[in-house]
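Residue numbers (my numbering): -4 to 139. Glycine included, every Cβ here is placed at the ideal spot set by N, Cα and C. Remember, it's a predicted structure, so these values are computed and weren't measured experimentally. Note sheet for the following structure.
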């Protein structure tokens, strides 16, 4: 076949694709209106994940200064990172897991212990309030 025939075939295919794209864009919706609105998934409220921001108590702020030597805005930054990236007991192994589980059981209310930056952060499970901070000394396997 000559080059003109190939050109015409390729041109016809391109025109057909353009017509299909335009037709797909102008397709009618289910209710017959001209504007197509894609279906929207209804997600129940329980399944929506709303990221909550942790809150620091005065006690936790004092313990961060006393035990970790962290003061000022760095405390909030460290708390947020621990809350977001901290390792929980269900993701830990060995001595760390034991210490995290033990720390969670030391309180009257339900708490979540998170390991971050070589320290254990104790948050309330329901309100995400930072209760206190313990440095974790892996060589002695004890709290300070």
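In DSSP terms, what residue i is bridged to
| i | result |
| --- | --- |
| residue 114 | 111 and 130 |
| residue 125 | 51 and 118 |
| residue 82 | 110 |
Supposed contact pair residue j and residue i - C-beta distance, whole angstroms, cut 8 Å
| i | j | result |
| --- | --- | --- |
| residue 62 | residue 128 | 6 Å |
Reference residue i, options the options, closest by Cα
| i | options | result |
| --- | --- | --- |
| residue 131 | 124, 93 and 1 | 93 |
| residue 122 | 51, 12 and 112 | 51 |
| residue 77 | -2, 55, 17 and 14 | 55 |
| residue 80 | 89, 53, 108 and 15 | 108 |
Short Cβ contact (8 Å threshold) for residue i with residue j
| i | j | result |
| --- | --- | --- |
| residue 102 | residue 126 | yes |
| residue 110 | residue 91 | yes |
| residue 49 | residue 124 | yes |
| residue 120 | residue 96 | no |
Residue i classed as buried or exposed, judged by whether at least 16 other C-beta atoms fall within 10 angstroms
| i | result |
| --- | --- |
| residue 84 | buried |
| residue 99 | buried |
| residue 44 | Note that residue 44 scores a pLDDT of 47, beneath 50, so its modelled location is shaky; the value from the coordinates is reported in the next line. Exposed, because fewer than 16 other Cβ atoms sit within 10 Å of the Cβ of residue 44. |
| residue 59 | buried |
| residue 70 | buried |
| residue 73 | buried |
| residue 65 | buried |
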